[in-house]
Amino acid sequence: MRDLKPQAELSQALLTWYDAHAREMPWRVGPADRAAGIRPDPYQVWLSEVMLQQTTVAAVTDYFQRFTRRWPSVAELAGAEDGDVMAEWAGLGYYARARNLLKCARVVADELDGVFPDRYDDLLKLPGIGPYTAAAIASIAFDRPETVMDGNVERVMARLHDLHDPLPGCKPELKAYATALTPTERPGDYAQAVMDLGATICTPRSPACGICPVIEACAARRAGTAADLPRKSPKKPKPTRYGYAYLARLEDGAWVLERRPDKGLLGGMLGWPGPDWSEAPDDAPPFAGAWIDLPGEVRHTFTHFHLILRLRTATLAHPPSAEGIEVVAKHRFRPGYLPTVMRKAHALWQAQ
DNA sequence: GACCCGTGGAG
DNA sequence: TCTCCAAGGGT
Numbered sequence: 001m002r003d004l005k006p007q008a009e010l011s012q013a014l015l016t017w018y019d020a021h022a023r024e025m026p027w028r029v030g031p032a033d034r035a036a037g038i039r040p041d042p043y044q045v046w047l048s049e050v051m052l053q054q055t056t057v058a059a060v061t062d063y064f065q066r067f068t069r070r071w072p073s074v075a076e077l078a079g080a081e082d083g084d085v086m087a088e089w090a091g092l093g094y095y096a097r098a099r100n101l102l103k104c105a106r107v108v109a110d111e112l113d114g115v116f117p118d119r120y121d122d123l124l125k126l127p128g129i130g131p132y133t134a135a136a137i138a139s140i141a142f143d144r145p146e147t148v149m150d151g152n153v154e155r156v157m158a159r160l161h162d163l164h165d166p167l168p169g170c171k172p173e174l175k176a177y178a179t180a181l182t183p184t185e186r187p188g189d190y191a192q193a194v195m196d197l198g199a200t201i202c203t204p205r206s207p208a209c210g211i212c213p214v215i216e217a218c219a220a221r222r223a224g225t226a227a228d229l230p231r232k233s234p235k236k237p238k239p240t241r242y243g244y245a246y247l248a249r250l251e252d253g254a255w256v257l258e259r260r261p262d263k264g265l266l267g268g269m270l271g272w273p274g275p276d277w278s279e280a281p282d283d284a285p286p287f288a289g290a291w292i293d294l295p296g297e298v299r300h301t302f303t304h305f306h307l308i309l310r311l312r313t314a315t316l317a318h319p320p321s322a323e324g325i326e327v328v329a330k331h332r333f334r335p336g337y338l339p340t341v342m343r344k345a346h347a348l349w350q351a352q
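Here full-length UniProt numbering is used: the first residue of the first sequence is 1, the next is one more, and so on.
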C-alpha cells in the first residue's frame, strides 16, 4: 500500500465531472434544488439504496416510483400489509430485501419516531442495512464523510492503483484507497460520482478510458491492465435442478397459490405449490386432483442453480386445506404479484 | 470465509 | 447459448 494521503485534487475532479454528467434518477436531488439547500429525503435514499443492492438503476426506477407513490413515507410503509409489499416487490429479486425493508420500516416508525438514524453505526443495526447501505445513507442523506464500498468503487480503486491481487482478499486495501479519496465536503455526491463513473465509464469490460475524467491518475491505464482489473477468484459452476409446479384452479376460476416460508428461496412470496426442487426430480402432488401434464417446460436461472420446471394443471371442486395455501379470486389475480419464475409458469399455462 | 439469495442486460 | 455481473446482506 502506498500514497494514502488525502487526494483532494482527484476527488475534486470526480465531483466536477459528476456536476456536469450526473444521470437523473427519481431519488436524486438535482443541482438547482441542492443549491437551494434541499437535502435528499432519508426515506427515499434508504428505499433506493436497498433496491439498488445488486440491482441495476434501470431495473429499480419503476419499482421506486411505484413504492413511493403507494407509500410516500416510512410510516405509511410500516403500516402496509406484508403481502402487499411482497407483491409490489415481485420481479425485483432477492426477496429477503423486501422482508427486511418492512422490518426496518417498522423499527423506524415504531421505535425511532419515524426518523432515520443519521450515523453509520446506528444505521448498521437496522435490518437489511449493511456496511454499504449504512455508508450510502449516512453520506448521501446526512452529509457524513463515510466511504461506500460497492462493486463500482472496488473496480475504480483497483484500476486507479493497478492492484492485481484478487477479490475478495484485497478488499481491505481497496477500502483504504477509497477512504483516502473520500472528501469531507459533499461526501454523498462524491460517493455517487465514483459509482456513476464505474457504471458508465470505468465499466467491467471495455472501459471508456478515452473520456475518463481521472485518466491522468490511473495506474492501470498507464500499465495497460485496466480492462483486466479487478481480478476475482473463480466461481463455482451452477448445477441444474428439476421440479414440478401444480397450477390448480377452482371451478370459478380462482387460483390455488402457496405462500412460501420466509426463509430460503423466494421466501415470503406467492408461488405455485409443488415439492422442493432438486437434482433428482420429485413429482408428488401437493394435494389431490385430476392432474394433467402440460407440454413444454419452464427454464429459469437463479443465483446458484439452473431450474427446469414441468407443469401440471387441474380444476378442483373445493379449495385444498394444505399448509400455506392461499386461494386468489380470478379477478384479483395478477401474474405480476409473483416472482419471475412463477410468472413464466403462468405464461406457459396461458399459452396452451 | 463460505454459502445462500433473483433478475435482466450485455457481449 | 452461455458467462459475467449489478449501488450487498444475512447466516
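Just so you know, even glycine gets a beta-carbon here, dropped at the ideal spot from N, CA and C.
As summarised for the segment 93-128, the continuous alpha helix (DSSP H) elements at least 4 residues long and confined to that stretch are 96-111 and 120-124, given in chain order. Counting C-beta pairs closer than 8 Å gives three or more between the segment 42-60 and the segment 90-103, which meets the contact rule.
Leucine 247 is positioned such that its CB atom lies no closer than 7 Å to that of tryptophan 277. The beta carbons of valine 156 and alanine 135 sit no closer together than 7 Å. By the Cβ criterion, the segment 121-131 is not in contact with the segment 21-34, since fewer than three pairs of Cβ atoms, one from each stretch, lie closer than 8 Å. Contact annotation: the segment 278-295 does not touch the segment 114-123, with fewer than three C-beta pairs closer than 8 Å. If you draw a straight line from the Cα of leucine 167 to the Cα of isoleucine 308, it is about 32 Å long. Spanning the alpha carbons of isoleucine 292 and valine 256 requires a straight line of approximately 16 Å.
In this structure the segment 224-235 lies against the segment 159-174, because at least three pairs of beta carbons, one per stretch, are closer than 8 Å. The beta carbons of glutamate 154 and leucine 174 sit about 5 Å from each other, so the pair counts as a contact at 8 Å.
Where tryptophan 272 is concerned, there is no enclosing beta strand (DSSP E), because DSSP gives it neither an H nor an E. One thing to note: alanine 226 has its Cβ within 7 Å of the Cβ of arginine 159.
Assigned with DSSP and collapsed to three states, histidine 318 falls in coil, not helix or strand. In the DSSP assignment, tyrosine 244 falls within the beta strand (DSSP E) that extends over 240-250.
Membership of tryptophan 255 in the beta strand (DSSP E) is indicated by the continuous run 255-259.
In this structure, the CA atom of glutamine 7 is about 47 Å from the CA atom of aspartate 84.
Residue state for histidine 21 is assigned as helix, using DSSP reduced to three classes. Closest option to glutamate 323, judged by alpha-carbon separation, among Gly268, His331 and Arg259: Arg259. Looking only at Tyr177, Arg23, Glu9 and Trp71, the smallest Cα-Cα distance to leucine 102 is reached by Trp71. In the three-state scheme derived from DSSP, where H, G and I count as helix and E and B as strand, isoleucine 201 is classed as coil.
Between leucine 270 and leucine 348, the beta carbon gap of about 17 Å keeps them out of contact (Cβ cut-off 8 Å). For the set Ala199, Gly188, Leu316 and His304, the Cα lying nearest the Cα of glycine 151 is the one of Ala199.
With fewer than three CB-CB distances shorter than 8 Å, the segment 209-219 does not count as touching the segment 312-331.
If the five residues before and after leucine 10 are omitted, its C-beta is found closer than 7 Å to the C-beta atoms of Leu181, Val214 and Ala217, all from its own chain and listed in chain order. As the crow flies, the alpha-carbon of threonine 301 is around 42 Å from that of aspartate 33.
Excluding residues up to 5 positions away in sequence, Phe116 and Ile137 lie with their Cβ nearer than 7 Å to the Cβ of tryptophan 46 in the same chain. Following the DSSP letters along the chain, one finds isoleucine 38 in no beta strand (DSSP E), marked with neither H nor E. Counting the other CB atoms within 10 Å of its CB gives glutamine 192 a total of 16 or more, which places it among the buried residues. The C-beta of arginine 66 has fewer than 16 other C-beta atoms within 10 Å across all chains shown, which makes the residue exposed. Cβ atoms of valine 74 and threonine 133 stay farther apart than 8 Å, at about 15 Å.
Around the beta-carbon of proline 295, fewer than 16 other beta-carbon atoms lie within 10 Å, marking it exposed.
In summary, glycine 268 is buried, with 16 or more beta-carbon neighbours lying within 10 Å of its beta-carbon over all protein chains present.
Thr68 is the residue among Cys104, Arg106, Ala105 and Thr68 whose C-alpha sits nearest the C-alpha of glutamate 88. The distance from the Cβ of arginine 144 to that of tyrosine 120 is about 7 Å, consistent with a contact at the 8 Å cut-off. Membership of arginine 299 in the beta strand (DSSP E) is indicated by the continuous run 298-301.
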